[in-house]
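Novice: Per UniProt numbering, residue 1 is the first one in the sequence shown, and the count goes up by one each step. Beta carbons are placed, not taken as given, at the ideal position from N, Cα and C, and that holds for glycine. Only a predicted model underlies this, so the values are computations on that prediction, with no experimental measurement involved. Please see the structure below; I have some questions.
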Amino acid sequence: MPELPSSFTARPIAHRGLHDRAAGVIENSPAAFRRAVGAGYGIEMDLQLSADGVAMVFHDDTLDRLTAAKGPVRARSAAELADIRLTGSEDRIPTLAEVLALVDGAVPLLIELKDQSGGLGQAAPDLERAVAADLKGYAGDVAVMSFNPAMIGAMRDLAPDVPRGLVTCGYVPSQWPMLSPETCTALRSIGSFGAVGARFISHDWTDLGSPRVRELKAQGVPILCWTVKSPQAEAEARRVADSITFEGYLPPLDPPQD
C-alpha cells in the first residue's frame with residue numbers, strides 16, 4: 001500500500017487553498033490555489049461530481065452558498081459549472097484536471113472526495129472513477145481522503161498507487177443528524193482503516209485526544225488534522241498531529257521540532 005509522502009507532514013496544508021474572501025480569493029478557487037503555491041503551503045481541496053461525470057473542485061453539494069446559482073452541483077454538466085462565477089471573484093468552478101495542471105507538482109495536494117451517498121454509505125463509484133482517471137500520470141505528491149470509508153475502498157481498487165486516508169472526528173450524534181447513533185459509533189472507532197487500505201487520517205483537531213487516534217499514532221500512522229484557525233490552536237494540535245490543515249492565519253512553513 002502506498003505510504004503518505006513526507007511532504008504532507010513537512011509543511012502546513014492550506015484548507016481549500018489559501019483563500020481570503022475579503023480579498024476576493026474564494027475557497028477552492030484557482031486564485032486560492034495559486035496563492036498557496038506562491039506561499040509554499042500544501043493544498044487541501046474538495047471534489048463533487050458533475051452531471052456528466054467530471055470531478056469538480058467544490059465543497060458543498062449545492063451551489064447556493066458560494067455562487068449566485070441554486071441547486072445541486074450534480075444537476076449540472078461540467079461545462080455549465082465552469083460558467084458559474086464564484087461570488088466575490090472572477091473565478092469559475094474549476095475541474096480537478098484544471099487544478100492538477102495549475103499546481104503541476106509544485107506543492108502536495110490533499111484531495112477530499114465528498115460523500116455522494118447522503119449517509120457515508122455505499123453509492124456508485126462515479127466520483128472515484130473520475131478522480132482515478134484524472135490522477136493517472138500525475139507526477140506530483142497527491143493523496144486522497146474521505147469521511148466515507150466506502151469511497152476510499154473504491155479508490156484502493158481504482159487507483160491502488162495513490163495514497164489513501166480517512167477524514168475522521170468524534171462523530172457526536174447530535175452533530176451528524178443524518179447518521180444513526182450506531183453508525184456514529186462505528187465511524188468513531190475508525191475500524192475500517194485497515195480494510196480500505198488507509199495509510200493516514202485527517203482528524204478533527206479538537207478531538208486529537210481520542211484513544212483511537214493515539215493508538216494509530218503509536219502504530220506509526222501519520223496524523224493530519226483539520227481545521228486549525230490560530231497559532232494557539234496549532235500549538236495544541238501539534239502535540240499529537242504530524243501536520244495541520246489551516247485557514248484564517250499564516251502558520252510558519254517549517255513545523256516546530258520536538
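(1) Quick one: what's got a C-beta closer than 8 Å to T227's C-beta in the same chain, skipping five residues either side?
(2) Three-state secondary structure (DSSP) at W176?
(3) Would A32 and G17 qualify as a contact pair, given that the criterion is a beta-carbon distance under 8 Å?
(4) Going by the beta-carbon positions, is the gap between E3 and R199 smaller than 8 Å?
(5) Below 8 Å on the Cβ atoms is my contact criterion, and I expect V196 with P149 to pass it. Report the Cβ-Cβ distance as a whole number of Å.
(6) Terminal residues of the continuous beta strand (DSSP E) containing A14?
(7) If you count every other CB in all the chains shown that lies within 10 Å of the CB of G220, and 16 or more means buried, which is it?
(8) Just reading off the beta strand (DSSP E) that V240 is part of, what are its end residues?
(9) Shortest alpha-carbon distance to H59 belongs to which of D52, T95 and A186?
(10) Excluding sequence positions up to five away, which residues of its chain have a Cβ less than 6 Å from the Cβ of A123?
(11) If you draw a straight line from the alpha carbon of L100 to that of Y138, how long is it in whole angstroms?
(12) In or out: Q175 buried (at least 16 other Cβ within 10 Å) or exposed?
(13) Count the C-beta pairs between the segment 80-98 and the segment 21-31 that are closer than 8 Å, then say yes if the count reaches three, no if not.
(14) Short of 8 Å in beta carbon distance, which residues of its chain neighbour R34, apart from the five on each side in sequence? Order them along the chain.
(15) Which of the three DSSP states is assigned to D254 in this structure?
(16) Which two residues bound the contiguous alpha helix (DSSP H) that contains R214?
(17) Pull up the DSSP beta-bridge partners for E112, would you.
(18) Does the distance from the CB of L127 to the CB of L113 come in under 8 Å?
(19) Only counting the same chain, and skipping five residues up and downstream in sequence, which positions put a Cβ closer than 6 Å to that of Y171?
Specialist: Looking at the atomic coordinates:
(1) H15, W205, T245, F246 and E247
(2) coil
(3) yes
(4) yes
(5) 5 Å
(6) I13 to H15
(7) exposed
(8) No beta strand (DSSP E) holds V240; DSSP gives it neither H nor E.
(9) T95
(10) Q116 and S117
(11) 8 Å
(12) exposed
(13) yes
(14) L102
(15) coil
(16) P211 to A218
(17) D46 and M145
(18) yes
(19) C184, L187 and R188
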